[in-house]
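Chemist:
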DNA sequence: ACAGTAATTGAAAATGGTTATCAATATCAA
DNA sequence: TTGATATTGATAACCATTTTCAATTACTGT
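Chains as they are written, first to last, in the working numbering: chain A, 430 to 583; chain B, 430 to 583.
(1) When you compare the CB of residue 558 of chain B with every CB in chain A, is at least one pair closer than 8 angstroms?
(2) Distance check for residue 492 of chain B and residue 444 of chain B, CA to CA, integer angstroms please.
(3) List the residues of chain B whose Cβ lies closer than 9 angstroms to the Cβ of residue 566 of chain A, in chain order.
(4) Answer with buried or exposed for residue 573 of chain A, where buried requires no fewer than 16 other C-beta atoms within 10 angstroms of its C-beta.
(5) What does residue 471 of chain A reach in chain B if we use C-beta pairs closer than 9 angstroms?
(6) Spatial neighbours of residue 505 of chain B within its chain, please: CB distance less than 7 angstroms, with the 5 preceding and 5 following residues excluded, ordered by chain position.
(7) Using a beta-carbon distance below 8 angstroms, is residue 555 of chain B in contact with chain A?
(8) Rounded to a whole number of angstroms, what is the C-alpha to C-alpha distance between residue 500 of chain A and residue 531 of chain B?
(9) Going by beta carbon distance, what residues of the same chain come within less than 6 angstroms of residue 550 of chain A, once the five residues before and after it are set aside?
(10) Does the Cβ of residue 484 of chain B have 16 or more other Cβ atoms within 10 Å, making it buried, or fewer, making it exposed?
(11) For residue 433 of chain A, which three-state DSSP category applies?
(12) Shorter than 8 angstroms from the beta carbon of residue 542 of chain A to some beta carbon of chain B?
(13) Go ahead and label residue 514 of chain A buried or exposed: buried means 16 or more other beta carbons lie within 10 angstroms of its beta carbon, across all protein chains shown.
(14) Just to confirm my understanding: we take residue 431 of chain A, look at its own chain, exclude 5 residues before and 5 after, and list those with CB closer than 8 angstroms. What are they?
(15) Measuring only the C-alpha atoms, how far is residue 498 of chain B from residue 512 of chain B?
(16) Going by DSSP, what residues sit across from residue 451 of chain A in a beta bridge?
(17) What are the boundary residues of the beta strand (DSSP E) that includes residue 384 of chain B?
(18) List the residues that DSSP assigns as beta-bridge partners of residue 576 of chain A.
(19) Taking the DSSP output, what are the residues bridged to residue 571 of chain A?
(20) Strictly below 7 angstroms CB to CB, what residues from chain A border residue 561 of chain B?
(21) Near residue 535 of chain B, which residues of its chain fall below 6 angstroms by C-beta distance, leaving aside the five closest residues on each side in sequence?
(22) How close, in whole Å, do the beta carbons of residue 467 of chain B and residue 507 of chain B come, if the pair is a contact with beta carbons under 8 angstroms?
(23) Residues in its own chain within less than 6 angstroms of residue 475 of chain A by CB, not counting five upstream and five downstream?
(24) Beta-carbon of residue 547 of chain B versus every beta-carbon of chain A: anything under 8 angstroms?
(25) Does the beta carbon of residue 517 of chain A come closer than 8 angstroms to any beta carbon on chain B?
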């Protein structure tokens, strides 16, 4: 007897079904991209994702990765942020909760944070200037504990 | 009788003297760029500044504007920020005080803000992750009051 | 004032991340 | 299965920014 209780769908499944639900076609390439993206963890650049996907899908084109990333982004399934290092990084958005980033300028490590207090102050500031907030971006740059102990690149 | 008390130097003078003090040469082009930058107000992109400078200095090259902007930036006399609209904007830094931005996605208007409370929380968050903060960036995107009343571009 | 030296300039080409083009191919609905 | 339409991969185009390089200019010491 097999008991198979599906507690919750994986990110990849959730994204895939969300895409097909929106009228987009399911393709082998998109499946690979989404699955690998979900498995790889957060904050990938298009190039990093391309390199990973190429292992599973050797013929994949650069443009397809970019297109899929934009598709996910426009569908609200992924979120893109431009960091100071010059290129755009993406992360699958889990359940709409917004978070911000602490970035180590030594090793590139990215940590997420979320702070309700800051959001509240932010709203108050916007209100003072009669702004309707649609979005925000808060990045803290610094050195992680291990990079504080290493010499910095010149 | 002429009473001419110089209360404080202009931004342009301050920047120019700071540059020559650092061993950089004073050139007509740099003077124009800095003077026009100081007079034009804040948050200019390289292209916008180039267009302005061209009126006073018709032969000016694109590269010179970029180079000067980078020079100012590296000397700490200007600050550059990459907004979501794709290109980098600069502002002359007045007295080292850091501030953040509220950007209207309708009309591009940029308002500055500064909030000590947020900075404190930020430090606490960084400390919790054992980070040494060197920098931060906080941008609030939204619609200014007048853009809230206009239809949005499709 | 003048020459020597090193920095700066303008024009144009190069760079690098990202997007558009287009013919071939794959997906989906009927 | 077939036809309409979306997607793909390769490549060219984009576009902000940077580099290159020869000509010019600013500063230093005389």
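Every residue gets a Cβ at the ideal spot worked out from N, C-alpha and C, and that includes glycine.
Modeler: So, from the data block:
(1) At least one CB of chain A lies nearer than 8 angstroms to the CB of residue 558 of chain B.
(2) Near 20 angstroms, if we compare the C-alpha coordinates of residue 492 of chain B and residue 444 of chain B.
(3) Neighbours of residue 566 of chain A on chain B, chain order: 513, 566, 567, 568, 569, 570.
(4) It counts as buried.
(5) The contacting residues do not exist; residue 471 of chain A stays about 15 angstroms from chain B at best.
(6) Taking C-beta separations shorter than 7 angstroms and ignoring five residues to either side along the sequence, the partners of residue 505 of chain B in its chain run 522, following chain order.
(7) With its beta carbon less than 8 angstroms from one in chain A, residue 555 of chain B belongs to the interface.
(8) Between residue 500 of chain A and residue 531 of chain B, the C-alpha separation is close to 27 angstroms.
(9) Excluding positions up to five away in sequence, the list is empty.
(10) With fewer than 16 neighbouring CB atoms inside 10 Å of its own CB, residue 484 of chain B falls in the exposed class.
(11) Because residue 433 of chain A carries a pLDDT of 43, less than 50, the predicted location of this residue cannot be relied on, and the following value inherits that uncertainty. Taken through DSSP and simplified to helix, strand or coil, residue 433 of chain A comes out as coil.
(12) Under the Cβ criterion of 8 angstroms, residue 542 of chain A is counted among the residues facing chain B.
(13) Burial check for residue 514 of chain A: the Cβ neighbour count within 10 Å stays below 16, so the residue is exposed.
(14) Bear in mind that a pLDDT of 49 at residue 431 of chain A, under 50, signals an unreliable position, so the number given afterwards is only what the model happens to contain. If we look at residue 431 of chain A and ignore the five residues flanking it on each side, it has no Cβ neighbours.
(15) Straight-line Cα distance between these residues: approximately 16 angstroms.
(16) In the DSSP output, where bridge partners are listed per residue, residue 451 of chain A has none listed.
(17) Given that chain B is displayed from residue 430 to residue 583, the structure contains no residue 384 of chain B and the question cannot be resolved.
(18) In the DSSP output, where bridge partners are listed per residue, residue 576 of chain A has none listed.
(19) Paired residue(s): A:533, B:562.
(20) In chain order, 571, 572, 577 make up the part of chain A whose C-beta sits under 7 angstroms from the C-beta of residue 561 of chain B.
(21) Hits under 6 angstroms: 572, 576.
(22) The C-beta distance from residue 467 of chain B to residue 507 of chain B rounds to 10 angstroms, too long to meet the 8 angstroms contact threshold.
(23) For residue 475 of chain A, where only same-chain residues beyond five positions count, the Cβ hits under 6 angstroms are 494, 495, 498.
(24) For residue 547 of chain B, the nearest CB of chain A lies under 8 angstroms from its own CB, placing it at the interface with that chain.
(25) It does not; no Cβ of chain B falls within 8 angstroms.
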